[in-house]
Every structure is written in C-alpha cells, then in structure tokens.
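**Student:** Dumping the structure here so I can ask a few things about it.
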Amino acid sequence: MDRRTYLSGTGTLLATGLLAGCSGGGTATGTLATSVSDQPGDIGDFDSCVVTMAGLWVKPASEETTDTSTGDGEDDGREYVEFDEPQEADLTELQGEKSQLVGEESVETGEYEFLQLDVTGVEGTLSDGSDANVTTPGEAPLKFNQSFEIRADERTHFVADFTPVKKGNTGYIIQPVASETEVRYTDETTTGGNATDA
C-alpha cells in the first residue's frame, strides 16, 4: 500500500490487543496496535462523522469457524477485547495518511484470520447542518478480512480503513476498505519507521 504510513500521534481510530494473561504464565506475547483511517468514499458530504467503538474481536487461525457463528462474537472462536472506555474517531479528521492509535496491548503470539471492530454508534452531521442516518452493514461489527500475526517481542500495526458510503435516499453505511487496510510489523524497540509489510 503506497499511501498509508503508521502515525503514532495523529489520525484515526482504534487499537488494542488481547490480554495474554488469559493463557497463564509463560505464554509468549507480542503487541497489537490497532488504528483506524478513512479512505474517501462519501465523507465529503459530512461536517463530522463520529464512530464510537466499545472493543474489538480477533479470530485465531487455529480455531475453526462453525456454521452457527453469529455477527456478535458468540460461539465462533473469536476473542473479544473490551476497551477500558469507549473510543471515538471522527472520520472527517482521518482522511489521507492520517490514522488514530487508541491503544497497544500484549496479545498471545500466533496467526489470526481477521479483526472486527465493535461499533456501538455513529453520529453524522452533513455539510448543510442536518443529521445523517449512518449504520454498519446489517448492524453487525465491521469485519476486516486481513490476516495477521502476533510475533514475540514485535509490534503488529493493524490499520483498519473504513468510510461512509451513500445508500440510496435512506442514509449512509460504514464500509471497510479492504484495499487500504494494512498490517505491518516493527521491533518492540522501534517507535517509528523500519516497519516490514505482512
């Protein structure tokens, strides 16, 4: 991806990780740093578009998805991480190369199939001052079908890109942008560059 860079102090959304303590002592861990960004869709229609997130799910690759899995993180092998407090991101401020880091946590090492954001609300105000009806697809978590690894003593940067898209005359829907979602890795001692692509 040629336009996205990891910005520690600017930009978009969310990050956090899985608490490795769930697996007991001695488990190898790495760091998951999740951010969000906005690839321009119909964001130009908005004066503000604030997305509220309560947490995230990750799906370990070692777990098998069942036919009875649901969209809310139940009984399908996903692991849920609840934020200490809800995180907000205004997508109008996260365009271009901007991204917002919300947290970094230790996560058990291994391969993961995807990441989902638990979006609990979206408040949109259009450029003319009127309120916008903005929802997620099927009122379900935002799913980013990008596999990633958590590596021992490394930091995994997961930049989740999504944008509002106009849906007829009924409002807008928040959609993940697969082509702009990015995973990179850096050594734990690295705070800026020298990242490697997935």
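In terms of this note's numbering, the numbers along the sequence shown are unbroken and rise by one, the last being 212.
All residues carry an ideal CB built from backbone N, CA and C; glycine is no exception.
Taking 9 angstroms as the cut-off, decide whether the C-beta atoms of residue 127 and residue 75 are in contact.
**Tutor:** Yes; because the gap between Cβ atoms is below 9 angstroms, this pair is in contact.
**Student:** Would you kindly report the start and end of the unbroken beta strand (DSSP E) that includes residue 49?
**Tutor:** Start and end: 43 to 51.
**Student:** Taking the beta carbon of residue 58 as the centre, do at least 16 other beta carbons fall within 10 Å, making it buried, or is it exposed?
**Tutor:** With fewer than 16 Cβ atoms within 10 Å of its Cβ, residue 58 is classed as exposed.
**Student:** Taking 9 angstroms as the threshold (C-beta atoms), are residue 192 and residue 162 in contact?
**Tutor:** No, Cβ-Cβ distance for residue 162 and residue 192 is not below 9 angstroms.
**Student:** Looking at the secondary structure, which residues open and close the beta strand (DSSP E) in which residue 73 lies?
**Tutor:** Run containing residue 73: 60 to 74, per the beta strand (DSSP E) assignment.
**Student:** Determine the direct distance from the alpha carbon of residue 101 to that of residue 131, and round the result to whole angstroms.
**Tutor:** Answer to the nearest angstrom: the Cα atoms are 11 angstroms apart.
**Student:** I need the straight-line Cα distance from residue 92 to residue 145, nearest angstrom please.
**Tutor:** Approximately 34 angstroms between the Cα atoms of the pair.
**Student:** Hey, would you say residue 177 sits closer than 9 angstroms to residue 123, going by beta carbons?
**Tutor:** The answer is no: Cβ separation not under 9 angstroms.
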